[in-house]
Each structure stands twice: as structure tokens, then as C-alpha cells.
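Participant:
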Amino acid sequence: MIRAIVVGADRVAPNGDTANKIGTYQLAITARYHGCQFIVAAPTTSVDLYTKSGADIVIEERYEAEILVQTGFERQGVLEGRLKRVEVQVAPVGTRAWNPSFDVTPAELISAMDGQYLANKQINKDAKGERHGSAAERLLAAQAQKNDRTL
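Using our numbering, the letters of the sequence shown correspond one by one to residues 4 to 154.
1) Check the C-beta distance from I113 over to V43 and give it rounded, since I have them as a contact under 8 angstroms.
2) Check I32 in the structure and name its three-state DSSP category.
3) Taking the alpha-carbon positions, what's the A45 to G38 distance?
4) Kindly indicate the opening and closing residues of the alpha helix (DSSP H) around V81.
5) Exposed or buried, which one is G97 when buried takes at least 16 other CB atoms within 10 Å?
6) What is the DSSP secondary structure of D59, reduced to helix, strand or coil?
7) Tell me, which residues are paired with D117 by DSSP?
8) Does the Cβ of I60 have 16 or more other Cβ atoms within 10 Å, making it buried, or fewer, making it exposed?
9) Considering only the beta carbon of each residue, do F105 and K24 sit closer than 8 angstroms?
10) What three-state label does DSSP hand E67 in the structure shown?
11) Can you give me the Cβ contacts of I70 inside the same chain, cut-off strictly under 7 angstroms, excluding the 5 residues immediately before and after it?
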């Protein structure tokens, strides 16, 4: 039985949304559906305090040919010991493809964040003792304070 899914993050917004390789969002949905934890392990360099939320993260788009065209060796050439590399169109001519490099996972799907980001950082507390800071800071601080890391 899977108890947790752990992924990385290329970018963490202050509200806790993350951007990572394509398929990360699907893993978060899968974790939620199966009732297991979805943990983001992100280094300090992934936190972007200038990006408010995942909606503001600029997603790089890759070439559509990576989806529409496959490259391989010509079969007859392989059988004869000659390697001739060819490209094969695998989608109908005129087909377009959207090929983003990353997807965004909303903070609501993230159980915890782990990383060095808040290892030594103090979160401001008000008179009632309540913590202040971004959602990412609060998630990381809560995780850092736990001594028991069993899932």
C-alpha cells in the first residue's frame, strides 16, 4: 500500500502552489483520491517570493514536434547493419500539440513540504501566538517542527 508520494518542485509560490515536471499535478490528484500524503521536497532556491500563486508562474512551452514526430532507425537498415535515422510523423498532418514543460499543483493538494527553506527561519507570531507567513512558509515550518517523520 502506498502511504505517501514525494515529488520535487522547480518553483514554490508564497501561497503554497508549486510548479514541477508534467505529471506532478496528476500524482497529487491520485494521492488525494487514495487518501495518501502528497509531500513536496523543495530546496530554498525553488521558493519565489515574487510570484503570488501558481496562476502567475510562467510555464515554458516545448516544441510540439516532441509529441507529433518520433525518431528512430529505419528497420531494413537495422537488419542489414546500416543505421539510418528517420523521423516519422505520428499524428495527422496539420495536428497541433500543446507541450508545456511543467504543471502547477495547487497548495490544497499538498499535505506537507520538506526542505531546508525554513530550517533556521523564525515565523513571526502575533499576541495570540498565531503564526504569520506565507502558506509555503507555514507548511514548511509545521513540517520542520515535527520530530516524528513517519507517515
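C-beta: ideal position from N, C-alpha, C; glycine also.
Facilitator: According to the structure shown:
1) Numbered from its first residue, the sequence shown carries residue 113 at position 110. Numbered from its first residue, the sequence shown carries residue 43 at position 40. With 8 angstroms as the limit, I113 and V43 qualify as a contact, their Cβ atoms being about 6 angstroms apart.
2) Looking up residue 32 in the sequence shown gives position 29. Of the three classes helix, strand and coil, the one that applies to I32 here is helix, per DSSP.
3) By 1-based counting over the sequence shown, the position of residue 45 is 42. By 1-based counting over the sequence shown, the position of residue 38 is 35. Rounded to the nearest angstrom, the two C-alpha atoms are 22 angstroms apart.
4) The sequence position of residue 81 within the sequence shown is 78, counting from 1. Element bounds for V81: R78 to L82.
5) Within the sequence shown, numbered from 1, the residue matching residue 97 stands at position 94. Exposed: under 16 other Cβ atoms inside 10 Å.
6) Along the sequence shown, read from residue 1 onward, the residue named residue 59 stands at position 56. In this structure, D59 counts as helix in the three-state DSSP scheme.
7) Along the sequence shown, read from residue 1 onward, the residue named residue 117 stands at position 114. Paired residues: A44.
8) Here residue 60 refers to the residue found at position 57 when the sequence shown is read from its first residue. Flag for I60 reads buried.
9) On the sequence shown, position 102 is the one that residue 105 refers to. On the sequence shown, position 21 is the one that residue 24 refers to. Going by C-beta atoms, F105 is nearer than 8 angstroms to K24.
10) Reading the sequence shown from its first residue, position 64 is the one you call residue 67. If DSSP states are grouped into helix, strand and coil, E67 belongs with coil.
11) Here residue 70 corresponds to residue number 67 of the sequence shown, with the count starting at 1. Closer than 7 angstroms at Cβ, skipping near neighbours: A100 and N102.
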